[in-house]
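Visitor: Chains as they are written, first to last, in our numbering: chain E, 7 to 383; chain D, 4 to 261. Note that the Cβ used here is the ideal one computed from N, Cα and C, for glycine as well.
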Ligand code: SF4
Ligand code: SF4
Ligand code: SF4
């Protein structure tokens, strides 16, 4: 017992612990002295990094869960089975972290239950909250099969199997809705956002981009899981996922550019300035570089290339959400917002907590199993 | 008496910048007396000075169809039948989406409170409900701010422009902006010169979001059919295949990952 406890303490983990402790102190300030005490938010910038990163980007990156689940259970692409559990786990953790983040982010979290008693169906945010609640539940049920398997509850497992397709379809529907509704949130502020990012079709942008980003994240975390958990990535599967991701990226990019062209603001992308620079940097990382790398090598794409591609997609995607939620507002009316170091620390703590939870789950539960269930039945 | 939706008409040509409205607002609403230089949680109306001696009031416009009301997920913000847009802290979750949605950047937040509220001008709702004028309109020495029901105010504004077209820029700000606002402005110069947001649509902003949200049932139904059909299609193919293979050797087992 003691020896294993000592083994658990590594320098890496000590740093992590110190980090999390700092986060806890900041959270204490946030709840005793208000959001203004640790963030740079203001009446001119009511939403900042926590909305852009923890909520918009975090939820988008968790999209791999519903896409992979649909691929395996609905489209019967059985070969992706080894990956689907990891994707669902990521999504579940992503949502739990998101809910924790939300409790920190909103000013009066003790009123959150009011969403159920005081619904305003005209509010896109109402739809987002409903979907988040429902989808977290669905994810939990989807993931519960892992517990059933771990504890050998075969009867429950059988029940789950009969229900799984329904659950997966339900999950995919809810995800589609709320991924896109996160975009709808911003359609109400046309005059406050830069036209390179504002669009009445933001929900479609958000939906198309989250599929690609979710798949990018699936690849990315496969490499992380190799690095930290010594679990070799399935290159045969990942390269196929990357190819599908690239197709989605092409679709997204055509839509993005077409939308700008139809609204007659595409010229802004070619007008020298900070906005155009950001626009191209975002699209270079999110779309252009990954597309080129994936289509040049096809299914023979190497590990390093695939790692770069997935990293680039994730980064570019985060940039897009930041640009929508923060930069596009600042470009219209500069309120001088830049996240405080404390906002960074809290965000980093949330992510770390997610990784720790994922690591524990992989250690303790048959997350990478998935294959075995067939032989058991 | 039929209830009329009330509002304010603010005539910038008459405003002398004395700040009596700000003081009155502070007193009536029990706010600390210091007046900030822009709208804050404790200052619900300010008078800012523009060059060539023009003074511009800023306050909530009490939109006819307010973006803040549509955006609030728990209906903490509501538009009353008398015109004011009011706030109920007992349901607000503090998400600040109303602040993002408001085209005039009006709602403010108590950034340094552990129990923060959204705060903004409430068009003196308790007074207006009783048929009284707002504190700011009553305090104004030059009638630069007048209180009344919106229709009467629009007529008054039109009459003023008509009577003295040289004095006024020919536009009532708030007549059509974002579907109309209850607080309207008259100005001697074009409104962009006074840093008003002149980039606004002339229909309610909530139309945009509602037109999207209305599609939700269709998307759900369409998606369910698509996924259901795909499931049936892709899994049937499988079953057929399995039936064919029953005779031959079983399918090769897929390579296990570990
Ligand atoms: S001005 Fe802003 S806060 Fe006031 S009613 Fe209109 S949208 Fe709401
Ligand atoms: S901050 Fe409060 S009033 Fe504003 S949208 Fe959120 S719940 Fe509604
Ligand atoms: S209407 Fe009332 S609350 Fe609004 S600015 Fe005037 S005095 Fe203040």
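State yes or no: is the C-beta of residue 130 of chain E within less than 9 Å of the C-beta of residue 96 of chain D?
Guide: Here the question's residue 130 of chain E lines up with position 124 in the first chain. Here the question's residue 96 of chain D lines up with position 93 in the second chain. Taking 9 Å as the Cβ cut-off, residue 130 of chain E and residue 96 of chain D do not qualify as a contacting pair.
Visitor: Is the distance from the Cβ of residue 309 of chain E to the Cβ of residue 229 of chain E below 9 Å?
Guide: Your numbering for residue 309 of chain E matches position 303 in the first chain. Your numbering for residue 229 of chain E matches position 223 in the first chain. Yes, these two residues count as a Cβ contact at 9 Å.
Visitor: Out of E/117, E/60, E/132, E/83, which one is the CA nearest neighbour of residue 76 of chain D?
Guide: The residue you call residue 76 of chain D lines up with position 73 of the second chain. Nearest of E/117, E/60, E/132, E/83 to residue 76 of chain D, Cα basis: E/132.
Visitor: For residue 298 of chain E, return the contacting residues in chain D, with the cut-off set at a CB-CB distance below 8 Å.
Guide: Numbered from its first residue, the first chain carries residue 298 of chain E at position 292. The premise fails here: residue 298 of chain E is roughly 29 Å from chain D at the closest Cβ pair, so nothing lies under 8 Å.
Visitor: Any heavy atom of ligand 3 closer than 8 Å to the beta-carbon of residue 65 of chain E?
Guide: Locating residue 65 of chain E in the first chain gives position 59, where the first residue counts as 1. Outside the cutoff, so no.
Visitor: For the alpha helix (DSSP H) holding residue 154 of chain D, just list the boundary residues, first then last.
Guide: As a working note, residue 154 of chain D is residue 151 in the second chain. 153-166 is the extent of the alpha helix (DSSP H) around residue 154 of chain D.
Visitor: Out of curiosity, what's the CA-to-CA distance linking residue 15 of chain D and residue 190 of chain D?
Guide: Locating residue 15 of chain D in the second chain gives position 12, where the first residue counts as 1. Locating residue 190 of chain D in the second chain gives position 187, where the first residue counts as 1. Residue 15 of chain D and residue 190 of chain D: Cα-Cα distance of roughly 5 Å.
Visitor: Which class does residue 13 of chain D belong to by DSSP, given the choice of helix, strand or coil?
Guide: Reading the second chain from its first residue, position 10 is the one you call residue 13 of chain D. Three-state result, residue 13 of chain D: strand.
Visitor: Considering only residues of the same chain and omitting the five flanking positions on each side of residue 253 of chain D, which have a CB-CB separation below 6 Å?
Guide: Looking up residue 253 of chain D in the second chain gives position 250. Since pLDDT at residue 253 of chain D reaches only 43, below the 50 mark, its modelled position is unreliable, and no value is offered.
Visitor: Name the residue from E/77, E/117, E/176, E/44 whose alpha carbon lies nearest to the alpha carbon of residue 140 of chain E.
Guide: Reading the first chain from its first residue, position 134 is the one you call residue 140 of chain E. Among E/77, E/117, E/176, E/44, the Cα nearest to that of residue 140 of chain E is on E/176.
Visitor: Determine the DSSP secondary structure at residue 41 of chain D, reduced to helix, strand or coil.
Guide: Translated into positions along the second chain, residue 41 of chain D becomes position 38. Correct three-state label for residue 41 of chain D: coil.
Visitor: Does any residue of chain D have a CB that is nearer than 9 Å to the CB of residue 118 of chain E?
Guide: The residue you call residue 118 of chain E lines up with position 112 of the first chain. With 9 Å as the cut-off, residue 118 of chain E counts as an interface residue toward chain D.
Visitor: Whole angstroms are fine: how far does the CA of residue 51 of chain D sit from the CA of residue 8 of chain D?
Guide: Position 5 of the second chain, counted from the start, is the residue given in the question as residue 8 of chain D. Position 48 of the second chain, counted from the start, is the residue given in the question as residue 51 of chain D. Their backbone Cα atoms lie some 27 Å apart in a straight line.
Visitor: Under three-state DSSP, which class holds residue 258 of chain D?
Guide: Here residue 258 of chain D refers to the residue found at position 255 when the second chain is read from its first residue. Confidence in residue 258 of chain D is poor, its pLDDT being 41 and thus under 50, which makes the residue's placement too unreliable to answer from.
Visitor: Ligand 1: which residues have Cβ under 6 Å from any of its heavy atoms, chain order?
Guide: Per the Cβ criterion, the list is D/63, D/64, D/65, D/66, D/69, D/70, D/71, D/88, D/105, D/107, D/109, D/110, D/123.
Visitor: Can we count residue 18 of chain D as close to ligand 2, meaning its CB is less than 8 Å from some heavy atom?
Guide: Here residue 18 of chain D is taken as the residue at index 15 of the second chain, counted from 1. No, ligand 2 has no heavy atom inside 8 Å of this Cβ.
Visitor: Using the three-state DSSP reduction, which class does residue 46 of chain D fall into: helix, strand or coil?
Guide: Stepping through the second chain from its first residue, residue 46 of chain D is reached at position 43. Three-state result, residue 46 of chain D: strand.
Visitor: Does the region 92-100 of chain E touch the region 220-229 of chain E, meaning 3 or more C-beta pairs lie closer than 8 Å?
Guide: Because the criterion of three Cβ pairs below 8 Å is met, the region 220-229 of chain E and the region 92-100 of chain E touch.
Visitor: What would DSSP say about residue 268 of chain E, mapped onto helix, strand or coil?
Guide: Translated into the one-based positions of the first chain, residue 268 of chain E becomes position 262. Helix.
Visitor: Give me the residue from D/48, D/58, D/62 with the minimum Cα distance to residue 18 of chain D.
Guide: On the second chain, residue 18 of chain D is found 15 positions in, with the first residue counted as 1. For the residues D/48, D/58, D/62, the minimum Cα distance to residue 18 of chain D belongs to D/58.
Visitor: I want to see whether chain D comes within less than 9 Å of residue 227 of chain E, judged by CB atoms only; does it?
Guide: Position 221 of the first chain, counted from the first residue, corresponds to residue 227 of chain E. Closer than 9 Å: no.
Visitor: Let's see if you can read the secondary structure: which residues bound the beta strand (DSSP E) around residue 81 of chain D?
Guide: Taking the first residue of the second chain as position 1, residue 81 of chain D is located at position 78. From DSSP, the beta strand (DSSP E) with residue 81 of chain D extends over 80-82.
Visitor: List, in order along the chain, the chain A residues whose C-beta lies closer than 9 Å to that of residue 18 of chain E?
Guide: You won't find chain A in this structure, because its protein chains are E and D.
Visitor: By the three-class DSSP mapping on this structure, what secondary structure does residue 118 of chain E have?
Guide: Taking the first chain and counting its residues from 1, one reaches residue 118 of chain E at position 112. In the structure shown, residue 118 of chain E sits in coil (DSSP, three-state: anything other than H, G, I, E or B).
Visitor: For the pair the region 252-271 of chain E and the region 197-207 of chain E, tell me if three or more CB-CB distances fall below 8 Å.
Guide: At 8 Å Cβ cutoff, the stretches touch.
Visitor: On a CA-only basis, which of D/185, D/143, D/120 is nearest residue 152 of chain D? Give me that one, please.
Guide: Looking up residue 152 of chain D in the second chain gives position 149. Measuring from the Cα of residue 152 of chain D, the nearest candidate turns out to be D/185.
Visitor: Using 8 Å as the Cβ pair cut-off and three pairs as the minimum, do the region 115-128 of chain E and the region 274-290 of chain E touch?
Guide: The region 115-128 of chain E, when compared against the region 274-290 of chain E, does not touch it at the 8 Å Cβ threshold.
Visitor: Could you pull out every residue in the same chain whose Cβ sits closer than 8 Å to the Cβ of residue 185 of chain E, ignoring the five residues on either side in sequence?
Guide: Here the question's residue 185 of chain E lines up with position 179 in the first chain. Closer than 8 Å at Cβ, skipping near neighbours: 65, 66, 69, 212, 213, 216.
Visitor: Taking any Cβ of chain E, which residues in the region 222-248 of chain D have a Cβ under 7 Å from it, in chain order?
Guide: Cβ contacts with chain E: 222, 223, 226, 227, 230, 231, 233, 234, 237, 238, 241.
Visitor: Taking only the alpha-carbon atoms, compute the straight-line gap between residue 179 of chain E and residue 62 of chain E and give it to the nearest angstrom.
Guide: By one-based count along the first chain, residue 179 of chain E stands at place 173. By one-based count along the first chain, residue 62 of chain E stands at place 56. Answer to the nearest angstrom: the Cα atoms are 18 Å apart.
Visitor: Rank D/213, D/183, D/147 by C-alpha distance to the C-alpha of residue 67 of chain D and give the top, closest one.
Guide: Here residue 67 of chain D refers to the residue found at position 64 of the second chain. Measuring from the Cα of residue 67 of chain D, the nearest candidate turns out to be D/183.
Visitor: How would you list, in chain order, the residues of chain E whose beta-carbon sits under 7 Å from the beta-carbon of residue 98 of chain D?
Guide: Along the second chain, read from residue 1 onward, the residue named residue 98 of chain D stands at position 95. Near residue 98 of chain D (Cβ distances below 7 Å), the residues of chain E are 112, 131.
Visitor: With contact counted as at least three CB pairs below 8 Å, one residue from each stretch, are the region 279-295 of chain E and the region 314-332 of chain E in contact?
Guide: The region 279-295 of chain E, when compared against the region 314-332 of chain E, does touch it at the 8 Å Cβ threshold.
Visitor: Ends of the beta strand (DSSP E) at residue 60 of chain D?
Guide: Walking along the second chain from the start, residue 60 of chain D turns up at place 57. It spans 57-61 - the beta strand (DSSP E) in which residue 60 of chain D sits, taken as one unbroken run.
Visitor: Looking at the unbroken alpha helix (DSSP H) that takes in residue 351 of chain E, where does it start and where does it end?
Guide: Your numbering for residue 351 of chain E matches position 345 in the first chain. Start and end: 347-370.
Visitor: Looking only at C-alpha atoms, which of E/99, E/42, E/43 sits nearest to residue 366 of chain E?
Guide: Here residue 366 of chain E refers to the residue found at position 360 when the first chain is read from its first residue. Comparing Cα-Cα distances from residue 366 of chain E to each of E/99, E/42, E/43, the minimum goes to E/99.
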